[in-house]
Amino acid sequence: MTTYDLVLARGRVIDPETGLDAVRDVGVNGGVIQAVSDQPLDGLTSVDATGLVVSPGFIDLHSHSMDVAGHRLQALDGVTTVLELEAGAYPVAAAYRRAEIEGRPLNYGFATSWAVARMAVLLGLDTSGDLRNDFLANIGREEWQRAAPRNVVDRIVGMLERDLGDGALGIGILVGYAPHIDPAEYLSVAALAARVGLPTYTHARELVEMDPTTPVDGAEEIVRAAASTGAHMHYCHVNSTSIRHVDRVLGLVEKVRAEGSRVTTEAYPYGAGMTGVGAAFLAPELLHRRGLTPHSIGLLGAEGRIPDADTLRRVRESEPGSAAFVHLLDEDDPSQFDYIQRALTFTDAAVATDAVPLLWRSGAPDPFSWPLGPDAVTHPRTAGTTAGRCAGSSGRTASCRCPRLCAGARSSPPTWWARVSRRCGARAGFRRAATPT
13 MTTYDLVLAR
23 GRVIDPETGL
33 DAVRDVGVNG
43 GVIQAVSDQP
53 LDGLTSVDAT
63 GLVVSPGFID
73 LHSHSMDVAG
83 HRLQALDGVT
93 TVLELEAGAY
103 PVAAAYRRAE
113 IEGRPLNYGF
123 ATSWAVARMA
133 VLLGLDTSGD
143 LRNDFLANIG
153 REEWQRAAPR
163 NVVDRIVGML
173 ERDLGDGALG
183 IGILVGYAPH
193 IDPAEYLSVA
203 ALAARVGLPT
213 YTHARELVEM
223 DPTTPVDGAE
233 EIVRAAASTG
243 AHMHYCHVNS
253 TSIRHVDRVL
263 GLVEKVRAEG
273 SRVTTEAYPY
283 GAGMTGVGAA
293 FLAPELLHRR
303 GLTPHSIGLL
313 GAEGRIPDAD
323 TLRRVRESEP
333 GSAAFVHLLD
343 EDDPSQFDYI
353 QRALTFTDAA
363 VATDAVPLLW
373 RSGAPDPFSW
383 PLGPDAVTHP
393 RTAGTTAGRC
403 AGSSGRTASC
413 RCPRLCAGAR
423 SSPPTWWARV
433 SRRCGARAGF
443 RRAATPT
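So my numbering is basically just the index in the sequence shown, starting at one, shifted up by 12.
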């Protein structure tokens, strides 16, 4: 009988690639899985995994937690690959270079950033490939959010194309933060993605139910781009941009998929989102569109919530890049949590954390310190979306909130992402983990 270095005994083994979902023993030699058996295996070290799930490490398609401390938090949630695809980075070579110098405990990768490239052109920014310094610091400036003439759009598209050549894994399109740009610009970016055979990752602009004056319904824009250009359009955090309209949005996605278009979705299992408080859609006069008030918003690291519109205006003006909780749905109300549940369990949806950078409430950031002290804070989704949330360890409930997630239906990236990741790996855009220095 073979004796293995390590045996994970009697765990519920879930393998999305083969469809296996059963109690098994897993035998490991030299850090490599050598056997998955329905019979007991012998090991020098044996770990009783009864009642636990044994699965591949999660690939997080949507994480803004791009430093060592953030990676460590996500590793505790079962994540082994962290990708910044929605916001992206521009120039992507600078983002890769910074990660290589600092070291990363998890595998990582970046899309190029339409929003930051647009800021570079329209604001004259000298961009660094860093989300905080580039995007969040300028999130509230209206100059970059305006419609641009054709020659400027062509320049932006050319910049994105060069970045794709430098190893970007696709194009992140934060159109929801510049919701009044010409829809033709969005189609130009999608056409570039189709031409090079890589996906786009979109934070959708307003739905028509939220803003009847929007140049195009946010969901319609994504599916039309897929149909007209042939691009693979990925719909980021469909739960938080659709809220109570998620059934209409998912129905639209389902319809165009049946017609042959490539549109994929993702969601996270929380009712509160998080973004820079200077985001266009958090202007006090626009909050009612989402059924929100200033009190629905609270700054990360601060006590309490924003009390009134005047305070919100002051905060948006003085610190527009500060991270803010946005309480969209009440997780303790079953009827509201059901909207989130439907987004999570939609056919072939991915679970993506939308993890956010840590905030050190006093003193300089120290991403290399471990364990983290109480001064470092972030959204719970950074460390509790995959294994944590579904195992009930989020602190809100001891029972599973997402049973189909725990059954393996959505806990690892779906088959479409396996195809994309193989292609991206071949392009050398995806980077393996390096030991932090």
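C-beta atoms are modelled at their ideal positions from N, C-alpha and C, and glycine is treated no differently.
CA nearest to the CA of residue i, picked from the options
i	options	result
residue 11	143, 114, 108	One cannot answer for residue 11 here, as it falls past the ends of the chain, which runs 13 to 449.
residue 282	346, 193, 37	346
residue 226	159, 115, 335, 258	159
residue 359	186, 88, 97, 250	250
residue 14	43, 39, 103, 381	39
residue 335	349, 314, 344	314
residue 153	330, 177, 443, 351	330
residue 12	253, 209, 397, 164	It is not possible to answer for residue 12, since the shown part of the chain is limited to 13 through 449.
residue 164	92, 146, 193, 45	193
residue 301	30, 318, 375, 220	220
residue 68	148, 443, 26	26
residue 79	52, 63, 114, 88	114
residue 197	209, 175, 162	162
Under 8 angstroms between C-beta atoms of residue i and residue j
i	j	result
residue 372	residue 378	yes
residue 340	residue 82	no
residue 140	residue 106	yes
residue 354	residue 258	yes
residue 172	residue 155	no
residue 157	residue 132	no
residue 307	residue 296	no
residue 351	residue 256	yes
residue 398	residue 44	no
residue 184	residue 98	yes
Heavy atom of the ligand NAP within 7 angstroms of residue i beta-carbon
i	result
residue 282	The ligand NAP is absent from the structure shown, which contains no ligand whatsoever.
Residues of its chain near residue i, where Cβ-Cβ distance is below 8 angstroms and the 5 sequence neighbours each way are ignored
i	result
residue 86	72, 75, 77, 94, 118, 365, 367, 394, 395
residue 243	202, 203, 205, 206, 211, 212, 237, 274
residue 375	387
residue 130	156, 160, 168, 190
residue 174	none
residue 56	15, 16, 17, 18
residue 305	299
Simplified DSSP assignment, three categories, for residue i
i	result
residue 330	helix
residue 426	Bear in mind that a pLDDT of 48 at residue 426, under 50, signals an unreliable position, so the number given afterwards is only what the model happens to contain. DSSP places residue 426 in coil when its eight states are reduced to three.
residue 184	strand
residue 380	coil
residue 131	helix
residue 293	helix
residue 143	helix
residue 70	strand
residue 367	strand
residue 27	strand
residue 46	strand
residue 374	coil
residue 189	helix
residue 63	coil
residue 358	coil
residue 212	strand
residue 445	coil
residue 273	coil
residue 315	coil
residue 307	helix
residue 388	strand
residue 197	helix
residue 241	helix
residue 85	helix
residue 118	coil
residue 247	strand
residue 207	helix
residue 287	strand
Whole-Å CB distance - residue i paired with residue j, under 8 angstroms assumed
i	j	result
residue 100	residue 122	6 angstroms
residue 22	residue 60	7 angstroms
residue 200	residue 169	5 angstroms
residue 24	residue 66	7 angstroms
residue 288	residue 333	5 angstroms
residue 166	residue 104	About 20 angstroms separates the two Cβ atoms, so there is no contact after all.
residue 188	residue 215	4 angstroms
residue 293	residue 312	Going by Cβ atoms, the distance from residue 293 to residue 312 rounds to 18 angstroms, so no, they are not a contact pair.
residue 46	residue 16	7 angstroms
residue 309	residue 298	About 12 angstroms separates the two Cβ atoms, so there is no contact after all.
Cut-off 7 angstroms between Cβ atoms - residues of its own chain near residue i, not counting five sequence neighbours on either side
i	result
residue 275	234, 235, 238, 245, 247, 265, 268, 269
residue 342	283, 348
residue 290	151, 152, 328, 332, 333
residue 217	187, 188, 191, 226, 230, 233
residue 84	117, 382
Neighbourhood of residue i by C-beta, 6 angstroms cutoff - its chain only, sequence neighbours within 5 removed
i	result
residue 58	19, 21
residue 403	For residue 403, the pLDDT reaches just 43, beneath the cut-off of 50, and the residue's location in the model is therefore unreliable, leaving the point undetermined.
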